[in-house]
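Single-structure report; data block below.
Residue numbers (UniProt numbering): 1 to 55.
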């Protein structure tokens, strides 16, 4: 099973993935948990993911 989680704070999952049953499932290749950071796909140097305020 593959799980993709999109978060701008991927580091909050480090301890969870290292100490839970998720880690055991990953070691047995039952589960593939991947964290995607939207900032990795930004073009500007500041890795800004939001837009200007309008409305």
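Glycine included, each C-beta is placed from N, C-alpha and C at the ideal position. This one's a predicted model, so the numbers in the text were calculated from it and none came from an experiment.
For residue i, I'd like the list of residues in its chain whose CB is within less than 6 Å of its CB, leaving aside the five on either flank, ordered along the chain.
| i | result |
| --- | --- |
| residue 2 | 32 |
Thinking C-beta only, is residue j closer than 8 Å to residue i?
| i | j | result |
| --- | --- | --- |
| residue 39 | residue 49 | yes |
| residue 35 | residue 13 | yes |
| residue 23 | residue 17 | yes |
Taking residue i as the reference, give the member of the options with the closest Cα.
| i | options | result |
| --- | --- | --- |
| residue 9 | 18, 37, 29 and 20 | 37 |
Go through its chain and collect everything with a Cβ distance to residue i's Cβ below 7 Å, but skip five positions before and after it.
| i | result |
| --- | --- |
| residue 6 | 36 and 38 |
| residue 55 | none |
Margin query: I'd like the ranges of any alpha helix (DSSP H) spanning at least 4 consecutive residues and lying wholly in the UniProt domain "tRNA methyltransferase TRMD/TRM10-type" (1 to 55).
Written below: 14 to 19 and 21 to 27
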